[in-house]
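In this note's numbering, the protein residues as written are 855 to 985. Glycine included, each C-beta is placed from N, C-alpha and C at the ideal position. These figures come from a predicted structure and were not determined experimentally.
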């Protein structure tokens, strides 16, 4: 399975984009803002291509998608949330987007996660992050 995140809106607080699953629009995304120098817990991950696995999150106490081998970042997950306060470098997903906010995040996440779980049983999952 191939995920593609296209970052589209950049503010002082966040980066908002669109997520595609196998080239079909799935939902909107919200990440921390892009910074030239990483600020722990407040910086979007670098553009690139990453493998995604499903693993147990100690923080959230449930299985979640985890991006592997992100340079200078650990524990980058895809999960529900609404604003930059809810992400520490992670990718949040939602159905609606507003400036510095996404909404209906749990609905978007549940739909995406169901697809990821099915795909993980038969193939590798990758995400490409683009501007």
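Could you give the C-beta distance for residue i and residue j, rounded to a whole number, given that I count them as a contact under 8 angstroms?
{"i": "residue 919", "j": "residue 931", "result": "6 angstroms"}
{"i": "residue 980", "j": "residue 857", "result": "7 angstroms"}
{"i": "residue 985", "j": "residue 901", "result": "6 angstroms"}
{"i": "residue 983", "j": "residue 899", "result": "7 angstroms"}
Using alpha carbons as the reference points, say which of the options lies closest to residue i.
{"i": "residue 860", "options": "867, 873 and 866", "result": "873"}
{"i": "residue 907", "options": "887, 896, 922 and 897", "result": "922"}
{"i": "residue 915", "options": "905, 933, 898 and 900", "result": "933"}
{"i": "residue 962", "options": "955, 947, 970 and 969", "result": "947"}
{"i": "residue 929", "options": "866, 953 and 941", "result": "941"}
{"i": "residue 897", "options": "970, 936, 927 and 984", "result": "927"}
{"i": "residue 913", "options": "972, 944 and 983", "result": "944"}
{"i": "residue 869", "options": "883, 966, 875 and 924", "result": "883"}
{"i": "residue 965", "options": "881, 955 and 939", "result": "881"}
{"i": "residue 951", "options": "863, 911 and 971", "result": "863"}
{"i": "residue 855", "options": "866, 871, 865 and 877", "result": "877"}
{"i": "residue 866", "options": "879, 937, 970 and 875", "result": "937"}
{"i": "residue 939", "options": "949, 924 and 955", "result": "955"}
State the DSSP-derived secondary structure class of residue i, mapped to helix, strand or coil.
{"i": "residue 959", "result": "helix"}
Give a yes or no on whether 8 angstroms exceeds the smallest Cβ distance from residue i to chain C.
{"i": "residue 920", "result": "No chain C appears in the structure shown, which is made up of a single protein chain."}
Check: Is there contact here, the stretch 975-983 with the stretch 886-895, by at least three beta-carbon pairs under 8 angstroms?
Finding: no
Next item on the list: Scan the stretch 879-939 and note each continuous beta strand (DSSP E) run of 3 residues or more that stays entirely inside, going in chain order.
Entry: 902-911, 916-921 and 932-934
Notebook entry, point to check: Taking three-plus beta-carbon pairs below 8 angstroms as touching, is the stretch 896-910 in contact with the stretch 950-965?
Noted result: no
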